[in-house]
Amino acid sequence: MTSCAGHAGGADRLLLPGPKRVSFDQANATPAIRLRRIKPLHLLIVDDEKDFRDSLALLLQAVGHSSIEASSGDEALALLEKGVSPDVVLLDHRMPGLTGVETLAAMRRRGVDAPVLLVSAARDVETLASEHGFDGAVAKPFSVDTLCDALMAVSAR
Amino acid sequence: MSRFHHMTSAPDPTAVRAAWSDFLATGALEPARVRPHVLRAWERSLRAGCDAFLPRADVLDGEETRALLRRERRLVEIATPFLVALSRAAGTERHAAMLSDGQGRLLKTVGDEDTVADENFPQPGSLLSEEAAGANGIGTALAEGSYVELVGPEHYIEGFQQFTCQGVPLRGAAGDQRGVVSMSVRRIETAAKVRDILFCASEAAECELLAAWLSDDLLEHSVLESALEALRQDMIQRITMARLQLELAARQIAAGADSAGTIAAARQLSRKFRRQAGTWRNLVDEVDGVLQPIVLGDLVQEFADLLETETRLAGVRLVWRRGETVVVLDDLRALSQRLLSAFLGAIQVADRSSDIGIAVSRNAGKGTLTLTSRTDGRELHTQHVDAPLPG
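Protein sequences appear in the order of chains X and D.
Residue numbering for the first sequence follows the working numbering, beginning at 20 and increasing consecutively.
Residue numbering for the second sequence follows the working numbering, beginning at 4 and increasing consecutively.
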C-alpha cells in the first residue's frame, strides 16, 4: 500500500497467486488433464499378470482409489466369499482357470452385485461385455483417465 | 547410430546468441561455437531461404486441417495419451507437448493454456519443417532422423528462442518417419526433467503403432488368424503395461518423486514388445521363398518367449537345456509357422502341470526341434519340426 500524509487517496495492490496451470488440449480446445473431483473407490483387480495388477494398483492409488488384487477368477471368488466388498470389480477375460465371463457368472450366482468392468484386449470387448452382462468395458490399451471415466460411470448407477 | 545420439551438454545461451547473430550476418561459423547438430540445422535453414525474423506462415485452412487430422486419425489417437502424460509430467511449468506428421505438419498440442492458447503459438495445420520454420524441435528431428534438443537461441527463428525444445521422430513399421513427438518448455531445467519420459513415450508410441499395423494390416491376410489373435492380445497386454508405467512416471515427475525405476520398467516392456513383434512379423510377412541361414535354437527361443502367456494360461512349463548350435537353411516365414504350430499343438495336448521338453539337434542332414509333453515322467506326445542344413 502506498499513501502520503497530507495527500488524499492512496494505492494498494493485493497480489493473489495465479490459478494452477491446467494442461490444455489445443486441438480440442478443452482441458486435457481434467481436475476431476473423484469419489474414492475400493476396487478388486482381477488379472493373471502380477506386473499388470501392480502397475494398475499404483496408478489407481495415485488418483485416489484403493484396491485389492486377485490373480484368477477362483481367487477373486474366494476373496468375495471372505467378505471383501469392492465398489467395482475390474475383470480380465483371458485367465487360467475361469475366464472373465465365467467369473462374472459365478459372482452373480453368489449374489455379488458390485458393478463389474471387463478390462480386456479382445477385439470385440464391448460386444463381449454387453452379451455377458458386464456393467461396462475398457479396451486395452487404456489410459488411466479412460479407466477413471468408466469407474465413475458404473459407480454412479 | 542411436536415435538418441544428439545428447550433449547444454550450451551457454549468451554465446549461442552471439554465434547465431554472426551466422545470420555471414552465413558461416567456426564449428566449435555451437553444437554440431545445431550448425547443420542452421545451414539447412539458410539454404532453404528461411527468414530468421519472419517465418514463412504455412498454415492449412480449416478444411485442409480437418482433412489432415482425418488422414492421421490413427497416429493422433495413439499419440494423444502420451502427449497428455508428457504434459502431466511438466506439472505447472510452461510447456507444450506436440505431435507432427512425417512432414512436420502439426497435428496436436497439449500444454498449459497460457502457452498453447497464445495466438502466436503454432496451431494444428502449421508446417514446422526446417524449410518453413528453421531449426526447431520438430523440423530438425525430422531432418536429423533422431532425437534433438534446441535450447533458446539454437532455434533459427527468433520468435522460437524463448523455448527449449526436444523432439524424437516416431518410426512406423517399415522404419519410415511417421511423425515427431516433441516437448517445448520455457525453462531448461524442465527440459532435463522430462527428457527420459519423452524417450519412453516415443518408444511406447512406436510400439503401439507397430501393434496397430500388425493387428490390422497383417492379421486379416494370414491363415494363422485364430492362433495369432491370442498372441495379439498378449502384445496388447505388454503395451498396456508400458503405458501404465509411463503414466505413473509422469505423476512421479510432476510430484518431484523418483521416476527412474518406473521409466526403466516401461522402456524394458517396450523393448520386449519389439522383440516379440519381430517374431510375429516373421510369421506373417509376405516375403516369399527366400532361403536364409537361421540359428534354429535362437528362433525356438523367440517362440518360447512369445508363448510365455499361453504356457502360463495352460499351466505348462517349458524345459530346455540349450546344447549345440544348429544352423539351418530355410524360408523364415515357413519355418516360423511350422514352429508356432508345433508349440501350440504341444501346449494343447499337455495336461495342466505338464512339462514340455524342448530339444534342438542335428540328424541326417537336418536340424530338428523336438517337443515332448510329459506328465509325472510319462510321455504324452512328441512332435518334430525339421529344417534342412546348409550345403
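Ideal Cβ positions, reconstructed from N, Cα and C, are used throughout, including at glycine.
Just so we're clear, the structure is a prediction, and the values are computed from it rather than from any experiment.
What is the DSSP secondary structure of residue 171 (chain X), counted as helix, strand or coil? Here the question's residue 171 (chain X) lines up with position 152 in the first sequence. Three-state DSSP puts residue 171 (chain X) in a helix.
Quick one: is residue 71 (chain X) near chain D, going by C-beta distance under 8 Å? Here residue 71 (chain X) refers to the residue found at position 52 when the first sequence is read from its first residue. Yes, residue 71 (chain X) lies at the interface with chain D (some Cβ there is under 8 Å from its Cβ).
Measure the C-alpha to C-alpha separation of residue 90 (chain D) and residue 100 (chain D) and round it to an integer number of angstroms. For the purposes of this step, residue 90 (chain D) is taken as residue 87 along the second sequence, with counting starting at 1. For the purposes of this step, residue 100 (chain D) is taken as residue 97 along the second sequence, with counting starting at 1. Going from the Cα of residue 90 (chain D) to the Cα of residue 100 (chain D) covers about 6 Å.
Just to confirm the assignment, what range does the alpha helix (DSSP H) spanning residue 118 (chain D) have? Start at 1 with the first residue of the second sequence, and residue 118 (chain D) comes out as number 115. Residues 116-119.
Cross-chain neighbours of residue 254 (chain D) in chain X, by beta carbon under 7 Å: On the second sequence, residue 254 (chain D) is found 251 positions in, with the first residue counted as 1. Within chain X, the residues near residue 254 (chain D) are 81.
Using DSSP with H/G/I as helix, E/B as strand and the rest coil, what is residue 308 (chain D)? As a position in the second sequence, residue 308 (chain D) is number 305, starting the count at 1. Helix, per DSSP.
How is residue 64 (chain D) classed by DSSP in three states: helix, strand or coil? Here residue 64 (chain D) refers to the residue found at position 61 when the second sequence is read from its first residue. Residue 64 (chain D): coil per DSSP, three-state reduction.
Assign residue 186 (chain D) to one of three DSSP states: helix, strand, or coil. By 1-based counting over the second sequence, the position of residue 186 (chain D) is 183. DSSP places residue 186 (chain D) in strand when its eight states are reduced to three.
Assigned secondary structure, residue 124 (chain X) (DSSP; H/G/I helix, E/B strand, else coil): Counting from 1 along the first sequence, the entry for residue 124 (chain X) is found at position 105. Residue 124 (chain X): helix per DSSP, three-state reduction.
Among the residues of its own chain, which have a CB less than 7 Å from the CB of residue 114 (chain D), if the five just before and after it don't count? For the purposes of this step, residue 114 (chain D) is taken as residue 111 along the second sequence, with counting starting at 1. Correct list, in chain order: 90, 98, 99 and 100.
If we count Cβ pairs, one from each stretch, closer than 8 Å, do we get three or more for the region 238-247 of chain D versus the region 170-179 of chain D? no
Can you say whether residue 57 (chain D) is buried or exposed, counting buried as having 16 or more other CB atoms within 10 angstroms of its CB? Here the question's residue 57 (chain D) lines up with position 54 in the second sequence. Exposed, by the Cβ-count rule.
Identity of the residues DSSP links to residue 324 (chain D) by a beta bridge: By 1-based counting over the second sequence, the position of residue 324 (chain D) is 321. DSSP output for residue 324 (chain D) lists no bridge partner at all.
Quick check on the DSSP output: the beta strand (DSSP E) that includes residue 168 (chain D) runs from which residue to which? The sequence position of residue 168 (chain D) within the second sequence is 165, counting from 1. 167-174 is the span of the beta strand (DSSP E), which, as asked, contains residue 168 (chain D).
Report yes if the CB atom of residue 59 (chain X) is closer than 8 Å to the CB atom of residue 84 (chain X), and no otherwise. In the first sequence, the residue the question calls residue 59 (chain X) occupies position 40. In the first sequence, the residue the question calls residue 84 (chain X) occupies position 65. Against a cut-off of 8 Å, the Cβ pair of residue 84 (chain X) and residue 59 (chain X) comes out as a contact.
Roughly how far, in whole angstroms, is the beta-carbon of residue 136 (chain X) from the beta-carbon of residue 156 (chain X), given that I think they are within contact range, below 8 Å? Locating residue 136 (chain X) in the first sequence gives position 117, where the first residue counts as 1. Locating residue 156 (chain X) in the first sequence gives position 137, where the first residue counts as 1. With a Cβ gap of about 7 Å, residue 136 (chain X) and residue 156 (chain X) count as contacting.
Please go through the same chain and pick out, in chain order, the residues whose beta-carbon is closer than 8 Å to the beta-carbon of residue 84 (chain D), but skip the five residues on each side of it. Position 81 of the second sequence, counted from the first residue, corresponds to residue 84 (chain D). For residue 84 (chain D), where only same-chain residues beyond five positions count, the Cβ hits under 8 Å are 246 and 250.
Quick check on the burial criterion: 16 or more other C-beta atoms within 10 angstroms. Buried or exposed for residue 66 (chain D)? To locate residue 66 (chain D), count along the second sequence from 1; it is residue 63. Per the 10 Å Cβ criterion, exposed.
Measuring CA to CA, which of D:76, D:132 and D:31 is closest to residue 62 (chain D)? For the purposes of this step, residue 62 (chain D) is identified with residue 59 of the second sequence, where counting begins at 1. Among D:76, D:132 and D:31, the Cα nearest to that of residue 62 (chain D) is on D:132.
Just to confirm my understanding: we take residue 347 (chain D), look at its own chain, exclude 5 residues before and 5 after, and list those with CB closer than 7 Å. What are they? Reading the second sequence from its first residue, position 344 is the one you call residue 347 (chain D). Same-chain partners within the cutoff: 230.
Which of the residues in the region 143-163 of chain X, read from start to end, lie with their CB under 8 Å from any CB of chain D? 159, 160, 161, 162 and 163
Which residues, taken in chain order from the region 232-247 of chain D, show a beta carbon closer than 7 Å to some beta carbon of chain X? 236, 239, 240, 242, 243, 244, 246 and 247
If contacts are defined as beta-carbon pairs under 8 Å, then residue 106 (chain X) and residue 62 (chain X) qualify, I think. What distance do you get, rounded to the angstrom? Counted from its first residue, the first sequence places residue 106 (chain X) at position 87. Counted from its first residue, the first sequence places residue 62 (chain X) at position 43. Indeed, because the Cβ distance is near 7 Å, the residues count as touching under 8 Å.
Assign residue 366 (chain D) to buried or exposed, taking buried as 16 or more other Cβ atoms, counted over all protein chains shown, within 10 Å of its Cβ. Counting from one through the second sequence, the residue named residue 366 (chain D) turns up at place 363. Exposed is the call here.
For the structure I just gave you, are there three or more beta carbon pairs, one from the region 276-295 of chain D and one from the region 110-124 of chain D, closer than 8 Å? no
Return yes when the Cβ of residue 295 (chain D) is within less than 8 Å of the Cβ of residue 343 (chain D), no when it is not. The residue labelled residue 343 (chain D) in the question sits at position 340 within the second sequence. The residue labelled residue 295 (chain D) in the question sits at position 292 within the second sequence. Not closer than 8 Å, so no.
Output, in chain order, the set of chain D residues within a Cβ distance shorter than 7 Å of residue 44 (chain X). Translated into the one-based positions of the first sequence, residue 44 (chain X) becomes position 25. Under the 7 Å cutoff, chain D gives 113.
Assess, as a yes-or-no matter, whether the region 181-201 of chain D is touched by the region 36-52 of chain D under the definition of 3 or more beta carbon pairs within less than 8 Å. no
At the level of alpha carbons, what is the spacing between residue 154 (chain D) and residue 22 (chain D)? Within the second sequence, residue 154 (chain D) is the residue found at index 151, counting from 1. Within the second sequence, residue 22 (chain D) is the residue found at index 19, counting from 1. For residue 154 (chain D) and residue 22 (chain D), the distance between alpha carbons rounds to 13 Å.
Residue 119 (chain X) versus X:102, X:100 and X:96, residue with shortest Cα-Cα distance: For the purposes of this step, residue 119 (chain X) is taken as the residue at position 100 of the first sequence. Taking only the C-alpha atoms, the option nearest residue 119 (chain X) is X:96.
Look at the alpha carbon of residue 161 (chain X) and the alpha carbon of residue 358 (chain D), and state the distance between them as a whole number of angstroms. For this step, residue 161 (chain X) is matched to residue 142 along the first sequence. For this step, residue 358 (chain D) is matched to residue 355 along the second sequence. Straight-line Cα distance between these residues: approximately 35 Å.
Please confirm if residue 211 (chain D) has its CB atom under 8 Å from at least one CB of chain X. Residue mapping note: residue 211 (chain D) aligns to position 208 of the second sequence, counting from 1. True, the Cβ-Cβ gap to chain X drops below 8 Å.
So, helix, strand or coil for residue 165 (chain X), using DSSP? Counting from 1 along the first sequence, the entry for residue 165 (chain X) is found at position 146. Helix.
At which residues does the beta strand (DSSP E) containing residue 386 (chain D) begin and terminate? What you label residue 386 (chain D) is simply residue 383 of the second sequence in a count that begins at 1. That run of the beta strand (DSSP E) goes 381-391.
Test: residue 59 (chain X) CB closer than 8 Å to a CB of chain D: Reading the first sequence from its first residue, position 40 is the one you call residue 59 (chain X). No, residue 59 (chain X) lies away from the interface with chain D (no Cβ there is under 8 Å from its Cβ).
Suppose contacts are defined by Cβ-Cβ distances below 8 Å. Is residue 345 (chain D) in contact with residue 388 (chain D) by that definition? Numbered from its first residue, the second sequence carries residue 345 (chain D) at position 342. Numbered from its first residue, the second sequence carries residue 388 (chain D) at position 385. Yes, the Cβ-Cβ distance between residue 345 (chain D) and residue 388 (chain D) is below 8 Å.
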